[in-house]
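*Asks:* Please read through the structure below; I'll follow up with questions.
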Amino acid sequence: MPRLPPLPAAERLVRALPNRLALLIALISFGCIGTFWAFALFVVENIDRQAFERQAAFAAQGLQENRDAVIKGQEGSTVWSDAVRAVRQGDMPWLEENFGPWMYSYLGFDGSFILDADDRPVFAMFGGLTRPASTYGLYADVISPIVDGLRSRMTRASEGLDDSTGAVADLGFTDYRLVGGVPTIISAKPIIPSGDDLQQRPGTEFIHIALKRVDAATANRIGVQYGLEKAAVVPSTRNERPTAVPISRENGDPIGFLVWKPYQPGTALLQRLGPPLLLVLVLGGLTVIVLLQHSRRSAKELARLAFKDQATGLPNRTAFGMILEDLSKKASHGEGEFALFLVDIDRFKNVNDTLGHPAGDELVRQTAERLNEVAVSHSCELARLGGDEFGLLCPAQTDDPAQIAELLVAAMRSPFVIDGQQVFSSVSVGVRDSRGKDKSASAMLREADIALYEAKARGRSQYRLFTDELQSAIAQRSAIEAELRASLASAASGLEVVYQPIVDGSRQLVGAEALLRWKNSSGSHVPPSIFIPVAEERGLISELGNFVLDQVCALLVRSDFPWIAVNVSPIQLRAPDFAEAIEKRLAGFGLLPERLQLEITETTLIDDDENSRRAIRALVNFGVVLALDDFGTGYSSLTYLKKYGISKIKIDRSFVESLGANDENDAIVSAMVLLARSLNKTVTAEGVETEQQFSRLVAIGCDQIQGYFISSPQPAEAALRFSTQTVDDMGGAAQPDNIPLVEGKAAALTSDAPVDGSRSLAGGARYR
Ligand code: C2E
Ligand code: CA
Ligand code: CA
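Structure below.
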């Protein structure tokens, strides 16, 4: 079975919004977090690097100070005349006292050696103990290149001099070497006099060598001084770590490293900020999730509000428009036909006005339920288009649209119960099938609406299919409208009022009914059953009505008709000043209200329009007789008669026609007459064509008789004649043959009359 399109695209779009939003938020969040993280890492790294650079500078400074301290300490003992004397004399006790353990304990030198001019060791101290001078041999390999370096510089500086003291005073050679695997400062300096008291020939100088190991204790001291945690010295081979300062020889070769556990303030900050940051992230994430859930609910709600009717839960006009648009596009591409139904509750305004708006809403709701049952069972989509209007879309299927429309109308047949009250209601349906015609949504809607209008105009509680015939009927009506307007504009040319006499049981003229005739521009007579509804529909009826009233009043002034009855359309009565206008017109012509009767139909009363009710009451009070036309064809409710003070009914021609055909019909007519008379109403029978009908109706108790048997409607002049004839004879006994009573005569009149007669006879029968 063909299916309707699912939720309209827009609804899906609205519902998908939160997901898109979620994706967007996630992307933005990840982007933000990523960027933030990268930035944070960059900053942390930078801080850490700067901190390290500062620490490295401190470490280097510590090493430098350590080295400078060796040189300074050594200088204090080597620029000393007493020392020169002591080394020259080989004064061991003096040397031991001033270059021995004291240097270990006070200056922190691990070793102290003195070499003579030929670089032979003359004194040795190591590890705080004075050692045999030969101990130097253990270190000679490492130390002698340094001593050689110093010597060659001294030679160059003091070349050609008698005394080298001034030239070599500032010379010294300090460098790092590995001693026993430990980076060690080795500093060599000449021992020179501190004053002019002594002189040294170049090449005779003694050399002092100081050894100081850069070991754990040194590292620790530097660490304490400069705040380097876990400072240590490691040999060069084991160290590739960047957090180190090299301990390098003069030639640039690192022989070890000062290392420490770097203080990383950035990382520390990150570690401290990390947990709260994570918490904020988690909370933020949770908030986003909650917000998203909320917005998902909101989106769902939004979709519901935007596309659903709140009262009935049905799709609303917007949703309907979308589905229709979709279906009509598909149909245009040959992807399946469908039918559009417009459903409207009849006289909904009445329900609202009489039972109140809550009851009206309830009726709409219950109607929606009933219609939806039909819709669901045929795979159709029902929507509420507003107020009392519904739309139905059915995909093409085996069921004929007419069948579905019939079911929709039938669904309303049983009464509704609203507030404990029984309420009868009905719907009118306009149908437009997409097959073989313009399938655009707008055309579908417009033409379904025309069909709906037709169904309403034809009396409601029914459906109409939009067809080519309907289309041409509408075109025809438009043509009639245009011609009617033209007639009215050119001094009512082609319009004429004819008069049909009405007699009593003894065939005495009692009055006449005015009937409008119209000859269009091409000269053909258009029956009132055709042009009156067009005039009503197109807003011309009041103008036509006024034309008739003027003609009638003019004739009343000139004639002796006791009264003339004029047909009044429900639309005329709804005009707010209708009664006043009648009163004014009668006064203007100088006529008594009794001389005018107005024929209204039951629809006027059923419509229950406030203005109409007021007009009827005012007219009755004023003294105009109101007659209920076509009685028996509608609700035939006698309560209306009482309620509005209507004093006359006109039994419809259809009852008169079938009089004598069966007993049942006769019984109905008798009952109507009896009831009306018991209510003190005058009863007129219309469309009396035969003697038998006449006598039977009179026998039943009809007060007045109208029909071809008496006379067909006559033009004003002819009417004038028989009105005066009758009045002339009224002084004496009423003579039936004073007016054209017999069939033959009526027929003669009929055929003579250019604007009525046989046409009406035949035409009337056809058009009623
Ligand atoms: P109606 O008010 O029921 O008028 C009576 C109709 O029955 C008239 O048709 C009349 O010509 C026709 N008729 C009279 N006697 C006989 C008869 O013995 N046999 C048959 N078969 N028909 C008979 P008409 O003139 O065609 O008018 C049709 C309807 O048009 C009227 O029905 C009335 O409702 C409406 N109408 C006519 N003139 C006016 C008017 O001036 N204003 C309004 N609002 N409606 C009018
Ligand atoms: Ca009438
Ligand atoms: Ca009638």
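When we follow this note's numbering, the leftmost residue of the sequence shown carries the number 89, and every step to the right adds one. Glycine included, every Cβ here is placed at the ideal spot set by N, Cα and C. Keep in mind it's a predicted model, so treat the numbers as computed, not measured.
Gly-524: which of Ser-581, Gly-422 and Phe-214 sits nearest, CA to CA?
*Replies:* Mapped onto the sequence shown, residue 524 falls at position 436. Measuring from the Cα of Gly-524, the nearest candidate turns out to be Gly-422.
*Asks:* From Gly-711 to Leu-597, what does the alpha carbon distance come to, in whole angstroms?
*Replies:* In the sequence shown, counting from the first residue as 1, residue 711 sits at position 623. In the sequence shown, counting from the first residue as 1, residue 597 sits at position 509. When rounded, the distance between both Cα atoms is 21 Å.
*Asks:* For Asp-825, collect the residues of the same chain with a Cβ closer than 6 Å to its Cβ; drop the 5 residues on either side in sequence, then sort them by chain order.
*Replies:* The sequence position of residue 825 within the sequence shown is 737, counting from 1. Residue placement at Asp-825 is poorly supported in this model, since its pLDDT is 36, which falls under 50; the coordinates are not used for a value here.
*Asks:* How many angstroms separate the CA atom of Asp-285 from the CA atom of Val-172?
*Replies:* The residue you call residue 285 lines up with position 197 of the sequence shown. The residue you call residue 172 lines up with position 84 of the sequence shown. Roughly 11 Å between the two C-alpha positions.
*Asks:* So which residues put a beta carbon under 6 Å from any heavy atom of ligand 2, going in chain order?
*Replies:* Listed by chain position, these are Glu-601, Asn-655, Glu-687 and Asp-717.
*Asks:* Using only the alpha-carbon positions, how far apart do Ile-335 and Ala-157 sit?
*Replies:* Taking the sequence shown and counting its residues from 1, the one referred to as residue 335 is at position 247. Taking the sequence shown and counting its residues from 1, the one referred to as residue 157 is at position 69. So the two alpha carbons sit approximately 16 Å from each other.
*Asks:* Helix, strand or coil for Val-830, going by three-state DSSP, please let me know.
*Replies:* Along the sequence shown, one-based indexing puts residue 830 at 742. Its pLDDT being 34, under 50, Val-830 is placed unreliably in this model, and the value from its coordinates should be taken loosely. Correct three-state label for Val-830: coil.
*Asks:* Between the C-alpha atoms of Ser-610 and Ala-563, what's the straight-line distance to the nearest angstrom?
*Replies:* Taking the sequence shown and counting its residues from 1, one reaches residue 610 at position 522. Taking the sequence shown and counting its residues from 1, one reaches residue 563 at position 475. Rounded to the nearest angstrom, the two C-alpha atoms are 17 Å apart.
*Asks:* Do you know offhand how far Glu-557's Cα is from Ala-539's?
*Replies:* Working through the sequence shown from its first residue, we reach residue 557 at position 469. Working through the sequence shown from its first residue, we reach residue 539 at position 451. So the alpha carbons of these two residues sit roughly 11 Å apart.
*Asks:* For my contact list, Leu-470 and Asn-460 are in at a C-beta cut-off of 8 Å; report their separation, rounded to the angstrom.
*Replies:* Taking the sequence shown and counting its residues from 1, the one referred to as residue 470 is at position 382. Taking the sequence shown and counting its residues from 1, the one referred to as residue 460 is at position 372. About 5 Å; that satisfies the 8 Å criterion.
*Asks:* Looking at the unbroken beta strand (DSSP E) that takes in Gly-344, where does it start and where does it end?
*Replies:* One-based indexing of the sequence shown puts residue 344 at position 256. Unbroken beta strand (DSSP E) run through Gly-344: 342–349.
*Asks:* Could you give the uninterrupted runs of the beta strand (DSSP E) lying entirely in the segment 605–656, keeping only those of 3 residues or more?
*Replies:* DSSP runs (the beta strand (DSSP E)) wholly in the segment 605–656: 652–655.
*Asks:* In chain order, what are the residue ranges of uninterrupted beta strand (DSSP E) at least 3 long that sit wholly in the segment 372–449?
*Replies:* Listed in chain order, the complete beta strand (DSSP E) runs (minimum 3 residues) inside the segment 372–449 are 426–433.
*Asks:* Just verifying my parser: in three-state terms, what is the DSSP assignment at Gly-161?
*Replies:* Start at 1 with the first residue of the sequence shown, and residue 161 comes out as number 73. Three-state result, Gly-161: helix.
*Asks:* Taking the straight line between their C-alpha atoms, what separation do you get for Glu-779 and Val-519?
*Replies:* As a position in the sequence shown, residue 779 is number 691, starting the count at 1. As a position in the sequence shown, residue 519 is number 431, starting the count at 1. Between Glu-779 and Val-519, the C-alpha separation is close to 47 Å.
*Asks:* So does the segment 177–192 actually touch the segment 335–349, counting three or more Cβ pairs closer than 8 Å?
*Replies:* Contact fails: fewer than three Cβ-Cβ distances are below 8 Å.
*Asks:* Would you say the beta carbon of Gln-794 is closer than 7 Å to some non-hydrogen atom of ligand 1?
*Replies:* What you label residue 794 is simply residue 706 of the sequence shown in a count that begins at 1. Checking the Cβ of Gln-794 against ligand 1 gives yes.
*Asks:* For Leu-656, which residues from the same chain have a beta carbon less than 7 Å from its beta carbon, with the 5 sequence-adjacent residues on both sides left out?
*Replies:* As a position in the sequence shown, residue 656 is number 568, starting the count at 1. The identity of residue 656 in the sequence shown is Val, whereas the question assumes Leu. The answer, listed in chain order, is Gly-633, Leu-686, Glu-687 and Ile-688.
*Asks:* CB-CB under 6 Å to Ile-734, same chain, minus the five flanking residues each way: which ones, in chain order?
*Replies:* As a first step, residue 734 must be located in the sequence shown, where it is residue number 646. So the list reads Leu-714 and Leu-716, once near-sequence residues are dropped.
*Asks:* Put Lys-769 into one of helix, strand or coil per three-state DSSP.
*Replies:* Counting from 1 along the sequence shown, the entry for residue 769 is found at position 681. Coil, per DSSP.
*Asks:* Indicate, with yes or no, if ligand 1 has a heavy atom lying under 7 Å from the CB of Leu-693.
*Replies:* Mapped onto the sequence shown, residue 693 falls at position 605. Because no heavy atom of ligand 1 lies under 7 Å away, the Cβ of Leu-693 does not count as near it: no.
*Asks:* For ligand 1, any of its heavy atoms closer than 7 Å to the Cβ of Gly-633?
*Replies:* Indexing the sequence shown from 1 puts residue 633 at position 545. Yes, ligand 1 has a heavy atom inside 7 Å of this Cβ.
*Asks:* Could you pull the start and end residues of the alpha helix (DSSP H) that Gly-225 belongs to?
*Replies:* Taking the sequence shown and counting its residues from 1, the one referred to as residue 225 is at position 137. Counting along the chain, the alpha helix (DSSP H) containing Gly-225 begins and ends at 224–245.
*Asks:* State buried or exposed for Thr-272, treating a residue as buried only when at least 16 other CB atoms are found within 10 Å of its CB.
*Replies:* For this step, residue 272 is matched to residue 184 along the sequence shown. The residue in question, Thr-272, is buried, as its Cβ has 16 or more Cβ neighbours within 10 Å.
*Asks:* Using a Cβ-Cβ distance under 8 Å, would Leu-451 count as near chain C?
*Replies:* No chain C is part of this structure, which consists of one protein chain only.
*Asks:* Along the chain, where does the alpha helix (DSSP H) that runs through Leu-572 open and close?
*Replies:* Counted from its first residue, the sequence shown places residue 572 at position 484. 556–577 is the span of the alpha helix (DSSP H), which, as asked, contains Leu-572.
*Asks:* Taking the alpha carbon of Ala-787 as the reference point, which residue from Asn-308, Tyr-796 and Ala-759 has its own alpha carbon closest?
*Replies:* Residue numbering aside, residue 787 sits at position 699 when the sequence shown is read from its first letter. Of the listed residues, the one whose Cα sits closest to Ala-787 is Ala-759.
*Asks:* Could you please give the first and the last residue of the uninterrupted beta strand (DSSP E) stretch that includes Val-585?
*Replies:* Counting from 1 along the sequence shown, the entry for residue 585 is found at position 497. It spans 583–592 - the beta strand (DSSP E) in which Val-585 sits, taken as one unbroken run.
*Asks:* Would the C-beta of Gly-627 count as close to ligand 1, meaning under 7 Å from any of its heavy atoms?
*Replies:* The sequence position of residue 627 within the sequence shown is 539, counting from 1. No, since every heavy atom of ligand 1 falls outside the 7 Å radius drawn around the Cβ of Gly-627.
*Asks:* Quick check on the DSSP output: the beta strand (DSSP E) that includes Thr-218 runs from which residue to which?
*Replies:* In the sequence shown, the residue the question calls residue 218 occupies position 130. Its beta strand (DSSP E) spans residues 217–219.
*Asks:* Which ranges would you report for the alpha helix (DSSP H) in the segment 645–730 if only whole runs of at least 4 residues count?
*Replies:* 658–662, 666–677, 690–694 and 698–710, all fully within the segment 645–730.
*Asks:* Any heavy atom of ligand 1 within a distance shorter than 7 Å of the CB on Glu-774?
*Replies:* Numbered from its first residue, the sequence shown carries residue 774 at position 686. Under cutoff, so the answer is yes.
*Asks:* How is Phe-214 classed by DSSP in three states: helix, strand or coil?
*Replies:* As a working note, residue 214 is residue 126 in the sequence shown. Three-state DSSP puts Phe-214 in a strand.
*Asks:* Please state if the CB of Ala-221 and the CB of Phe-214 are separated by a distance shorter than 8 Å.
*Replies:* Here residue 214 refers to the residue found at position 126 when the sequence shown is read from its first residue. Here residue 221 refers to the residue found at position 133 when the sequence shown is read from its first residue. It is not a contact, given that the beta carbons lie outside the stated cut-off.
*Asks:* Check whether the Cβ of Gln-596 sits closer than 7 Å to any heavy atom of ligand 5, and report yes or no.
*Replies:* Among the ligands in the structure shown, ligand 5 does not appear; only ligand 1, ligand 2 and ligand 3 can be found there.
*Asks:* Tell me the DSSP bridge mates of Arg-265?
*Replies:* Here residue 265 refers to the residue found at position 177 of the sequence shown. Looking at the DSSP assignment, Arg-265 forms a beta bridge with Thr-272.
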